[in-house]
Amino acid sequence: MPISRPTDLAGALEVLAEVPTADVLAGGTDAMVEISFDHRRPEHVVALRRIDALREHRVSPAVLELGATITYMQIETELAEHAPGLAMASRTVGSPQIRNAGTIGGNLGTASPAGDTLPWLLAMDAEVELTSAARGTRHLPLAAFITGPKRTAREADELITSVRVPRVEGPQHTAKIGPRNAMVISVACVAVIVDTTNRVVRIGMGSVGPGPLRATDAEAAVSEAIDWEALRCPEAAIGAFGRACAEAARPITDHRSTAEYRRHAVGVLAARSLRRCLNA
Amino acid sequence: MSDHSSPSRPPPSAAQPSVTETYELSVNGRARSVPDAWIGESLLYVLRERLGLPGAKNACEQGECGSCSLYVDGVLLNSCCVLAADAVDADIRTVEGLGDGGHLTDVQQAFLDAGAVQCGFCIPGLIVTVHDLLDRVPDPDELQVREAISGNLCRCTGYGRILQAVEDVKLARLADPEGSS
Ligand SMILES: Cc1cc2nc3c(=O)[nH]c(=O)nc-3n(C[C@H](O)[C@H](O)[C@H](O)COP(=O)(O)OP(=O)(O)OC[C@H]3O[C@@H](n4cnc5c(N)ncnc54)[C@H](O)[C@@H]3O)c2cc1C
Ligand code: FES
Ligand code: FES
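Each protein sequence line maps, in turn, to chains A and B. Just so you know, the first sequence maps onto residues 15 to 294 in the numbering used here. Just so you know, the second sequence maps onto residues -5 to 175 in the numbering used here.
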């Protein structure tokens, strides 16, 4: 049978152990486009949509864990409270039809430099959970999971089963630039988390490098400048934060934009998002 | 976004004779058999080319235009992004299945009355999308309407009369909740 429709995780892992060349199918919004344009010819498909356990999230005092097949629509509606920045980023993905289908695991699996969940996940020090029948479960920091543009450390017999982030307090904001407000691939995007639990500002930047990027120097400097009691920051430090983020970007010129514009835009988005977090 | 090669064309069966599957889909409440289909076929392709249901339109085959919109288990999706062989044991509802017994739905009638249809290619997808919106959100503001149809591209109308049609259905349904279809 060239298509497997497992109803539990063990069933899916068994198939991948037997047929490591099988194509994993979640929401299909990346995979089906590749198949229809003959950039991918599946010989065996493992469809995940019947595995209820992969569509769940778990909240503990310290950790938020998101199942791989949670859709953008679920994130927008069910997770807006626990992951406000991720919910904002999800709302900018594609269209309602795409958000009803597309999953966070699929965004990780594709690992596009423009993947809109990736900046938030990176900023939050996310860990990707990979599971195989042969070797069980391992966790990789997102930065180690993404090995290059559209390349990941996933082995052929592994499934992305979940992604987890620490729970932190404090305001979050994401922003994205593209030619219109809907249905665009990011020209540049950012996620900013003013993490009052650890008193650090976290930033992830997308579409300005081979994968999502942190701007660690910018984070360190602005975290020093913030008055954490009042949650205020001098305007000069916010401006410097934007410039330091722009400097940390490693953009390229392609058919969507130029490197110069991307660098400029990501700095503007970073400063703007921080201002929004601080109501400044 | 991919180059436009030849979308939706299964590879020559001689090349991969074994990668086919026979399965059954439930479309608009009817069981439909899909014999010996290449496993990579989209639901859009199977509906149009194998099951004779051309209501879902194929304009981009890459999730961009919404003209292939339909419901799978009550969820609005682009059928070009659904693997047909994975849609077994799902309740598929296409634009053909919205009205009952050949009657137009209130949304379809409002599109006609408002003059919201020009070439018509985008309309079946928009009809399904607008049903989805108004069934979930009975009283959407304009921003909600625009967001809801942001994945349905129309090259002709400029959207003015489409928005008018949505407003007309909304008001009619709010005035007469029993009368909606
Ligand atoms: C019109 C359109 C607009 C889009 N707009 C955006 C956008 O604005 N922002 C954005 O970031 N993306 C966008 N995308 C891309 C896409 O929707 C996202 O990347 C989405 O998250 C993919 O999820 P999926 O469940 O549909 O993945 P699928 O297409 O099912 O899978 C994607 C890839 O990941 C692999 N995979 C999926 N799940 C797993 C798993 N659990 N374990 C192992 N491998 C897995 C698959 O094998 C495949 O290679 C858009 C796509 C389309 C068609
Ligand atoms: S044909 Fe499916 S979205 Fe365009
Ligand atoms: S009426 Fe022609 S595309 Fe919409």
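Each residue gets a CB set at the ideal place from its N, CA and C atoms; glycine is no exception. Quick caveat: nothing in here was measured; it's all calculated off a predicted structure.
- Annotated three-state conformation of cysteine 74/B is helix, per DSSP.
- Per DSSP, the unbroken beta strand (DSSP E) holding arginine 72/A starts and ends at 71 to 73.
- Taking the Cα of alanine 196/A as reference, the smallest distance to any Cα among Thr230/A, Pro110/A, Ala285/A, Ala258/A is reached at Pro110/A.
- Listed by position in the chain, the residues whose beta carbon lies within less than 7 Å of some heavy atom of ligand 3 are Val111/B, Gln112/B, Cys113/B, Gly114/B, Phe115/B, Cys116/B, Ile117/B, Cys148/B, Arg149/B, Cys150/B, Thr151/B.
- Residue Leu154/A holds the alpha-carbon nearest to the alpha-carbon of arginine 178/A among Arg246/A, Leu154/A, Arg264/A.
- The criterion of a C-beta distance shorter than 7 Å is satisfied by alanine 170/A and proline 34/A.
- DSSP places methionine 87/A in the uninterrupted alpha helix (DSSP H) bounded by 86 to 92.
- Within 6 Å of the C-beta of alanine 53/B there is at least one heavy atom belonging to ligand 2.
- Listed along the chain, the chain B residues whose CB falls inside 9 Å of the CB of serine 74/A amount to none; the nearest CB is some 29 Å away.
- In the three-state scheme derived from DSSP, where H, G and I count as helix and E and B as strand, glycine 119/A is classed as helix.
- The beta carbons of aspartate 37/A and alanine 45/A sit about 7 Å from each other, so the pair counts as a contact at 8 Å.
- With respect to the 7 Å criterion, glycine 256/A and alanine 294/A are not classified as neighbours on the basis of their beta carbons.
- Assignment of beta-bridge partners to tyrosine 65/B by DSSP yields Leu70/B, Arg87/B.
- Put simply, the stretch 129 to 137 of chain A touches the stretch 218 to 226 of chain A. At least three CB pairs are less than 8 Å apart.
- For the C-beta of valine 107/A, not a single chain B residue is nearer than 8 Å; the gap to the nearest is close to 11 Å.
- Scanning its chain for C-beta atoms nearer than 6 Å, with the 5 sequence neighbours on each side dropped, one finds around leucine 39/A the residues Ala45, Val59, Ala61, in chain order.
- With a 10 Å radius around the Cβ and a threshold of 16 neighbouring Cβ atoms, cysteine 259/A comes out buried.
- In this structure, the alpha-carbon of tyrosine 86/A lies about 8 Å from that of alanine 115/A.
- Contact between the stretch 182 to 192 of chain A and the stretch 201 to 218 of chain A is present, with at least three C-beta pairs closer than 8 Å.
- A distance criterion of 6 Å places the beta-carbon of serine 146/A beyond contact range of ligand 2, judged by its closest non-hydrogen atom.
- In this structure, alanine 205/A has its CB at a distance of at least 6 Å from all heavy atoms of ligand 1.
- Contact of threonine 43/A with chain B by beta-carbon distance below 7 Å involves Gly57, Cys75.
- Around the beta carbon of arginine 130/B, fewer than 16 other beta carbons lie within 10 angstroms, which makes this residue exposed.
- The beta carbon of glutamate 43/B sits no closer than 6 Å to any heavy atom of ligand 1.
- Here DSSP, grouped into helix, strand and coil, assigns valine 29/A to helix.
- Residue contact with chain B for proline 56/A: present (Cβ-Cβ distance below 7 Å to some residue of chain B).
- Distance from the CA of alanine 140/A to the CA of histidine 97/B, rounded to the nearest whole angstrom, comes to 52 Å.
- With a contact defined as Cβ atoms closer than 8 Å, leucine 47/B and valine 122/B miss out at about 13 Å.
- By the neighbour-count criterion, in which a residue is buried when 16 or more other Cβ atoms sit within 10 angstroms of its Cβ, glycine 281/A is buried.
- Judged by DSSP in its simplified three-state form, valine 201/A adopts coil rather than helix or strand.
- Taking a Cβ-Cβ cut-off of 7 Å, the neighbours of methionine 197/A in chain B comprise Glu58, Ser144, Gly145, given in sequence order.
- Between the C-alpha atoms of isoleucine 49/A and glutamate 35/B there is a straight-line separation of about 8 Å.
- With contacts defined by Cβ atoms closer than 7 Å, valine 21/B and isoleucine 117/B do not form a contacting pair.
- Across the stretch 121 to 140 of chain B, CB contacts with chain A closer than 9 Å involve Thr123, Asp126, Leu127, Arg140, in sequence order along the chain.
- The C-beta of leucine 70/B comes closer than 7 Å to at least one C-beta of chain A.
- Contact annotation: the stretch 131 to 142 of chain B does not touch the stretch 74 to 83 of chain B, with fewer than three C-beta pairs closer than 8 Å.
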